[in-house]
Each structure stands twice: as C-alpha cells, then as structure tokens.
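Trainee: Residue 250 in this note's numbering sits at position 263 of the sequence shown, with consecutive numbering throughout.
Beta carbons are placed, not taken as given, at the ideal position from N, Cα and C, and that holds for glycine.
Here the structure is a predicted model, which is why all the values come from computation and not from measurement.
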Amino acid sequence: MIGKISRGSRPGDIGRYLHGEGHLGEHVYRDEQGRERSGGVVIGGNLAREGDTDERGWAADLRLAAQGRPDSQRPIWHASLRCAPGDRTLTDAEWRGAVQEIAQRMGWAEHPHVIVRHADDHVHVVMSRVDYEGRIWVGKNDARRLQEARQSVEKRLGLRQVPMRTAKRGPEAAEGRLKPGEYRHSEQTGKDPARVRLAERVERCVQAAEGMGRDVFEEALQRAGVRYEANVASTGRVSGYRFAMTTDQAGEPVWFKASQLDRSLSWNRVRERVETIEPVRVEPVVAEPKKFLESRASHAQRVEAAQQATEQAQAKAVAAKRAQRLEKAAPPRNLGQQIRARAGAQQRAEAYRERVAERREWLSHVGRIREVREPEGGWKSMRQIDKATRQRMVAQKRTGASAPVRKNAPAPTLSDYQARQRQQREALRQARRGLSR
C-alpha cells in the first residue's frame, strides 16, 4: 500500500477534484448496479455521507469544523492510499477498516473525515485537523506515522509489504516509490523505468555473489551488462558503489548510487551477504596407511599426492559453483518470457492510448455541444473548454447587436432558457454514459 499526504485550507477544491473525472477520465466508481460512473463516491467516514457523489455536503462539514480554530494554518489534511501493483481488490468494508486502523494509530479517529473511492485500487481520505470542540491535531511526523500504520494494515490484510521511505529526503528508491514522471513514462511506453530495471539487475548480481566474495560480485555485474565504480578510500576500504546501465544523449553513462535504487543495495548490507564466504565442502582424498617395509619417503609422497588431489577437487567445486552463480547473474535468455513481457508492455501502452483517445473524443463532443471552436491540437481538459466558453460569451457581449435592435428583439422566456439548459445537461449525460460503456 502506497500513501501520499498533502495539506490545504479549502475542502471544496480537493472535493471537486475527487468527485471530478480526473485529468484523463481516470476517476470512476461502480454504483449499486455495477455500472461505471465518472467521478468518486463516498464510502465511509464519520460524517454519515456514504453514497455522496459530490463534495457540497461533506466539504461544508469540514469547513464548519475548521472555523473552530481560525488561527490554524492549512487545517485540511488529505491522504491518498493506493494498493501496490499485484495486490487484490479490497472491498469498501476492508477500505473502511484500513482507514479506521490508520486513524486510530495516528490519533485522528474522532476528527471529521470522509473516505472517497476511485476505481478499484485506491481511496482518498480528507480530514479536518480541527474537531468540533476546537481541538487541533498537530500531525507531527505524519508521513512516517502513516507508513508505520499502513504496514500494519498490509500485514493484517495480506497485501504486499511496500518498503518504507528513508528519513533522508533524497532521491526515491525504485521499488514502489517511483517519481510521478517515471510512472507516467512507464505507463505511456509500457516499459519499466531505468532505475527499476537497474535495481533488478544489481539485486540479481548480489544473489549470485552471496557467500562468494567481492570479485564474484563485480564479475556478475559485468556479465549482467551493468557498469560499476567502487568508492575506495586511501586505506583500501570500499565505502560504496555506483551503477549505470544506460547513457544520456551525449553518450555518457547515467550513474545511480545504491541509495537511489534501493536501500537494501547499500554496500553495508550487500557486504554482509557477499563477503561472508561460504566454504565449499568436498570429500577429502585419504591416503592408504603406511605399508609394511614401505619407506617413509614413499609414504610421505603418497600423503602429499592425496592432499593435492583434495585441493584440486576443492578448486574444481569452487569453480563450478562460481560458474553456476555467474550464469544466474546474466540477463535471462528465455525467449518465451521476453515475448510475453514485450506483449504485456505493448498492451499497457495500447490501453493508455485508448484511454487518451476516448478522453479526447469526449472532450470534442462537449466542445461541439457548447459551440466553441476546437483548437488545432484538440481539447486537453474541461478547464480549457470552460475558458473558451467564457471567452465566447464575453466576445458575444462585446460584438452583440446595437441597443435599438436588442431593445426591439423579443426577450427569451424563462421556459425557453430552462429547456435549453436541460438539453445541454442531457447531451452531457449521454456523452458520459457512452464513455463509461
């Protein structure tokens, strides 16, 4: 489970986003009949707003609670909770239980809050840090406390254990903590980000070199196609590594420190796994006892030959184990796996392009209903259409008929205006219904 926190002072703004359609129409929920609806739906909280599909009710409740402490800054606390890729779909009841456990552990269970669900994999929690009695929840170290709480939820629900963020606000680790740009690029191209692929290769090399020494680790990196540079002090002690697998436009390698890939790949942890040498045991060659009338020199020669044979068998066993481990470090050559991986990547990219095309088609339909001119590259958001509509209305007022003509023109009746509004609303409703199908 992945959590993200933000704070603000206007619950209506976050509510309009949560119950809106999203930038690419990704905000959907299923009604009681199992049909997909655009936006979000309230599934829990302590405001008795379950089933609401707009923010007006619960935003007013949170606004009222926040007014109890006018001196508070950013009294609205917002967190998004998303299941990790590969997790099962949680029910509404399981999400309510998860949020309740997190609220109890963080200390804001009695504060006004709502739970809004989007799709099948994530929910949003909006909470007033000020309760109805004027008490304020400070929320110190809330990001860290949220991580500890959601790990407890993951264990209870049997979900994937997502690594915790480090205390240092540096580059984020690859596993489960992608940057937004990396996530969007991965979704558009259908390929894992470079940091994720590099982290997987380095981890495979570490597994291959466990108990074999640092030289095997470096040879495994070479076989896996990973460049490396060791940070060696003047005393000869290695303090860390940096890795590269891709190059930039100038042809220079793009280096990543181990902390930028995953905290488990730091040299302090890798050294414990690699430099703890595991002995390879072989059956020793034992010389026969000294024979009768055999000279001491002859017996000593036979004992020395047995020791050399044991050492040779030991060396062969070590070489065989080394070759077997290094074979694991090389990139997989299974053609079937590569074909399936490439097909999955293409399917993800095609699905993304289809969603974008459907979104643009729906926006174009809305623009035609509003009778606004579509730009050359097509509409990108409803905000752009709203702006163009306002500009058209202002232009019509400026270039309208003269005063005598407007004075003599018949005024539209209230029923005509209401009929026109109903017609526009019905057209938008049909467009959304067609998109959801």
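How long is the line joining the alpha carbons of Glu413 and Trp349, rounded to whole angstroms?
Mentor: So the alpha carbons of these two residues sit roughly 14 Å apart.
Trainee: Among all the DSSP beta bridges, which residues are the ones paired with Ala217?
Mentor: Tyr228, per the DSSP bridge assignment.
Trainee: Taking the continuous beta strand (DSSP E) assigned at Gly(-5), which residues delimit it?
Mentor: Ile(-11) to Gly(-5) is the span of the beta strand (DSSP E), which, as asked, contains Gly(-5).
Trainee: Inspect the beta-carbon positions of Glu187 and Met(-12) and report whether they are closer than 8 Å.
Mentor: Result no, Cβ atoms of Glu187 and Met(-12) do not sit closer than 8 Å.
Trainee: Considering only the alpha carbon of each residue, which of Arg92, Ser226 and Ala53 lies closest to Asn218?
Mentor: Closest by alpha carbon: Ser226.
Trainee: Does DSSP put Arg347 in a helix, in a strand, or in coil?
Mentor: Arg347: helix per DSSP, three-state reduction.
Trainee: Could you give the residue range of the beta strand (DSSP E) that holds Leu68?
Mentor: Where Leu68 is concerned, the enclosing beta strand (DSSP E) stretches over Ile63 to Arg69.
Trainee: Check Trp242 in the structure and name its three-state DSSP category.
Mentor: Correct three-state label for Trp242: strand.
Trainee: Hey, quick one: how far does the beta strand (DSSP E) through Gly(-1) stretch, first residue to last?
Mentor: Run containing Gly(-1): none in the beta strand (DSSP E); it sits in the alpha helix (DSSP H), Pro(-2) to Leu5.
Trainee: Determine the burial state of Pro(-2): buried for a count of at least 16 other Cβ atoms within 10 Å of its Cβ, exposed for fewer.
Mentor: So Pro(-2) ends up on the buried side.
Trainee: Around the Cβ of Ile1, are there at least 16 other Cβ atoms within 10 angstroms (buried) or fewer (exposed)?
Mentor: The residue in question, Ile1, is buried, as its Cβ has 16 or more Cβ neighbours within 10 Å.
Trainee: Ignoring anything shorter than 4 residues, give me the alpha helix (DSSP H) runs that lie fully in the segment 78 to 105, in order along the chain.
Mentor: For the segment 78 to 105, whole alpha helix (DSSP H) runs of length 4 or above, ordered along the chain, are 79 to 93.
Trainee: Measure the beta-carbon distance from Ala66 to Leu133 and round it to whole angstroms, keeping in mind my assumption that it falls under 8 Å.
Mentor: The Cβ separation is near 7 Å, so the contact holds.
Trainee: Where does Met199 fall in DSSP's three states?
Mentor: Residue state, collapsed to three classes: coil.
Trainee: Grab me the residues of Val272's own chain with a C-beta within less than 6 Å of its C-beta, minus the 5 sequence neighbours each way, in chain order.
Mentor: Counting only Cβ-Cβ distances below 6 Å, and skipping sequence neighbours, we find Ala293, Ala296 and Thr297.
Trainee: Within the continuous beta strand (DSSP E) that includes Ser25, where are the two ends?
Mentor: It spans Glu23 to Ser25 - the beta strand (DSSP E) in which Ser25 sits, taken as one unbroken run.
Trainee: Out of Arg346, Gly26 and Met369, state which residue places its alpha-carbon closest to the alpha-carbon of Glu42.
Mentor: Ranking the options by Cα distance to Glu42, first place goes to Gly26.
Trainee: What are the residues that DSSP puts in a beta bridge with His14?
Mentor: In DSSP, His14 forms no bridge with anything.
Trainee: Based on Cα-Cα distance, which residue from Gly38, Arg289 and Ile264 lies nearest to Pro276?
Mentor: Ranking Gly38, Arg289 and Ile264 by Cα distance to Pro276 puts Arg289 first.
Trainee: Between Arg184, Phe204 and Thr233, which has its C-alpha nearest Leu248's C-alpha?
Mentor: Leu248 has its Cα closest to that of Arg184, out of Arg184, Phe204 and Thr233.
Trainee: Less than 8 Å between C-beta atoms, sequence neighbours within five positions excluded: which residues of the same chain meet that for Met199?
Mentor: So the qualifying residues of the chain are Val261, Ile264, Glu265, Lys308, Arg309 and Arg312.
Trainee: If contact is defined by three or more beta carbon pairs under 8 Å, each pair taking one atom from either stretch, is the segment 70 to 82 in contact with the segment 43 to 60?
Mentor: They do not touch, by the three-pair rule.
Trainee: Determine, using beta carbons only, whether Gly55 and Val117 come nearer to each other than 8 Å.
Mentor: Yes. Within cutoff.
Trainee: Just the Cα atoms here: how many angstroms apart are Glu433 and Leu415?
Mentor: Residue 433 lies beyond the range of the chain shown here (-12 to 424); nothing can be said about it.
Trainee: Return the chain-ordered ranges of every beta strand (DSSP E) run that is complete within the segment 240 to 310 and spans a minimum of 3 residues.
Mentor: The qualifying runs are 240 to 244.
Trainee: Do Val29 and Glu23 have their CB atoms nearer than 8 Å?
Mentor: It is not a contact, given that the beta carbons lie outside the stated cut-off.
Trainee: Between which residues of its own chain and Ser221 is the CB-CB distance below 7 Å, once the five residues before and five after are set aside?
Mentor: So the list is empty, once near-sequence residues are dropped.
Trainee: Taking DSSP's pairing of strands, which residues face Val28 in a bridge?
Mentor: Answer is Arg104.
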